[in-house]
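Student: Pasting in a structure now, in structure tokens, and then I'll have a few things to ask.
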Amino acid sequence: MFLKCLECKFETSDLDIKKCPNCNGFLVLKYDNLEFTRDPKEIGIWKYNAVLPKLTNKISLGEGNTPIIKATQISKELGIDLYFKNEGTNPTGSFMDRGSAVYISFLKDCGKKAIKCFTTGNFGCSIAAYCSKANIEANIYVHERVNHFKLLQMIWFGSRISMKYDEVLLKAKDFITPADPMFLEGLKTQFLEIFDYFEGDLPDYIALPMGSGSNIFSNYKAFRELKEIGLVNKDIKFIGAKPDEEASRAFADLDPSFLYCKGLIEEIGKSGLLLEATAGKEEMVKAMDEFAKKEGILVEPITSISLPVIKKLIANKKIKEGSKILIILTGSGLKEIGSVSLIKNKGFKKLKIGQEIGFTKRMILEVLSTNSLSGYELWKKLREKGIEIRLPTLYEHLKQLEEMNFITSIPQTVKNRKVNIRCLTKQGSEYLRTLKTLEH
Ligand SMILES: [Zn+2]
1498 MFLKCLECKF
1508 ETSDLDIKKC
1518 PNCNGFLVLK
1528 YDNLEFTRDP
1538 KEIGIWKYNA
1548 VLPKLTNKIS
1558 LGEGNTPIIK
1568 ATQISKELGI
1578 DLYFKNEGTN
1588 PTGSFMDRGS
1598 AVYISFLKDC
1608 GKKAIKCFTT
1618 GNFGCSIAAY
1628 CSKANIEANI
1638 YVHERVNHFK
1648 LLQMIWFGSR
1658 ISMKYDEVLL
1668 KAKDFITPAD
1678 PMFLEGLKTQ
1688 FLEIFDYFEG
1698 DLPDYIALPM
1708 GSGSNIFSNY
1718 KAFRELKEIG
1728 LVNKDIKFIG
1738 AKPDEEASRA
1748 FADLDPSFLY
1758 CKGLIEEIGK
1768 SGLLLEATAG
1778 KEEMVKAMDE
1788 FAKKEGILVE
1798 PITSISLPVI
1808 KKLIANKKIK
1818 EGSKILIILT
1828 GSGLKEIGSV
1838 SLIKNKGFKK
1848 LKIGQEIGFT
1858 KRMILEVLST
1868 NSLSGYELWK
1878 KLREKGIEIR
1888 LPTLYEHLKQ
1898 LEEMNFITSI
1908 PQTVKNRKVN
1918 IRCLTKQGSE
1928 YLRTLKTLEH
């Protein structure tokens, strides 16, 4: 086993590095003599230990072995042979658990006592759970738009949460990410299960949210590995479904653009097997409703995106009628149960609970619910609560909260200086009250 750089082809037997020391390219794990066997004594992802890194510790919560279900109603309507792989049945409700199980086991083998990572949602929830099981301290830097329910999961697992999430942190070498080689190996098991389920009669297309690119890449990597040893002899197209700009802004847990793993995505692109397409938020909300009402599956907003993208590709004749397609449903709707308000209020005219307001804004509302304050006083109060943001950032938040009609400004003269005192509006206090009710 060794790591190889996708860019400059650098190779090393040191498995505990994350990026290429020569060119900062992505490293992937290579096996000397790959043999695809299943271990009958193991369950879930561990059944495939012959094509996973050799590990001493096994930090497992029962990940993998997720069901593949024929989408009977939607298949009929679209004239295709459609299947879902429901990754929402993993321990923390997303595909990430496969990566975390392998990566945290590996870090335990390396003797790590603490890790740091940054997240917009699902990655943090999963890492938090596996670190808890492994008795490794998880320091999680959370994006301010994180969904409240996901943030609460991380806190419940006992992680140390920090809101200091910015681009500087992303350059930190000691942060673990979903694009690290050992995480990618864990994610690979989705394709191995797909291979076993279809017994060689594989789908023509596999569709999933593009996200940072690590999941689509891992599935592609497993496909390539099985192809190289002669077990797969057809080409599968990988459909990377991406939210358009408006949808990216609207939903939590959509990876910010600076997390986008271009190198991994380009690697699939070189093979000519990548199809990319976008969908908007209205289409995603409609798809969430379709999954629930026609197929009995609750999916979170980003997971729903593959369906409208497939419909577009059929309409544009990029996918032929009768094609066999598998959608990987990456995350459960139970993680974002507040999303149901999106469906009830189609059109997005109103603000949706827990969806469009981040942690910092929530804290601003909390502070203003006890006292009306000037911007500077508010900034000091937030610092006391451990929220260290720059003053201009605070004013940006205040401006947006005013646009949402959650706060209002009242000009006052204090010691001959004009200051704007910020107060909560009726709508703001109502929103805060509903949030608290939802959380209790
Ligand atoms: Zn390199």
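When we follow the numbering used here, the leftmost residue of the sequence shown carries the number 1498, and every step to the right adds one.
C-beta atoms are modelled at their ideal positions from N, C-alpha and C, and glycine is treated no differently.
#1: Could you tell me which of V1796, K1923, V1729, N1917 sits nearest to F1592, measuring between CA atoms?
#2: If we count Cβ pairs, one from each stretch, closer than 8 angstroms, do we get three or more for the stretch 1860-1871 versus the stretch 1619-1639?
#3: Can you tell me where the alpha helix (DSSP H) with C1614 in it begins and where it stops?
#4: State the start and end residues of the unbroken alpha helix (DSSP H) segment that holds I1633.
#5: Would you call the stretch 1685-1700 in contact with the stretch 1715-1733, where contact means no fewer than 3 C-beta pairs closer than 8 angstroms?
#6: State buried or exposed for I1765, treating a residue as buried only when at least 16 other CB atoms are found within 10 Å of its CB.
#7: For the stretch 1574-1606, list the beta strand (DSSP E) runs that are entirely contained and at least 3 residues long, ordered along the chain.
#8: Decide if the stretch 1569-1583 is in contact with the stretch 1633-1651; the criterion is three or more beta carbon pairs, one per stretch, under 8 angstroms apart.
#9: Which residues neighbour ligand 1 when neighbourhood means a C-beta less than 5 angstroms away from any of its non-hydrogen atoms? List them by chain order.
#10: Which one of G1708, V1639, R1535, L1552 has the shortest CA to CA distance from G1608?
#11: Would you mind listing the alpha helix (DSSP H) stretches within the stretch 1705-1784 that are 4+ residues and don't spill past its ends, in chain order?
#12: With which residues is N1554 paired in a DSSP beta bridge?
#13: Rounded C-beta distance between F1603 and M1679? I'm assuming under 8 angstroms.
#14: Cα separation between E1742 and A1784?
#15: Would DSSP call T1509 helix, strand or coil?
#16: Going by Cα to Cα distance, which pick from R1930, N1902, R1887, K1809 is closest to R1919?
#17: Decide yes or no for the touch test of the stretch 1727-1740 against the stretch 1770-1779: beta carbon pairs closer than 8 angstroms, at least 3 of them.
#18: Please classify C1505: is it buried, with 16 or more other beta-carbons within 10 angstroms of its beta-carbon, or exposed?
#19: Residues in the same chain with beta-carbon distance under 6 angstroms from K1809, minus the five sequence neighbours each way, listed in chain order, please.
#20: Are the beta-carbon atoms belonging to G1710 and L1761 less than 7 angstroms from one another?
#21: Alpha carbon to alpha carbon, what distance is there between N1562 and K1610?
#22: Excluding sequence positions up to five away, which residues of its chain have a Cβ less than 7 angstroms from the Cβ of D1677?
#23: Within a Cβ cutoff of 7 angstroms, which residues of the same chain sit near K1661, ignoring the five residues on either side of it in sequence?
Tutor: Looking at the atomic coordinates:
#1: V1796
#2: no
#3: First-last for C1614: 1611-1616, but that is the beta strand (DSSP E), not the alpha helix (DSSP H).
#4: Premise fails: I1633 is in no alpha helix (DSSP H) and is neither H nor E.
#5: yes
#6: buried
#7: 1578-1583
#8: no
#9: C1502, E1504, C1505, F1507, C1517, N1519, C1520, G1522
#10: L1552
#11: 1711-1725, 1742-1747, 1759-1767
#12: In the DSSP output, where bridge partners are listed per residue, N1554 has none listed.
#13: 5 angstroms
#14: 18 angstroms
#15: strand
#16: N1902
#17: yes
#18: exposed
#19: A1774
#20: yes
#21: 29 angstroms
#22: K1515, Y1600
#23: Y1638, E1885
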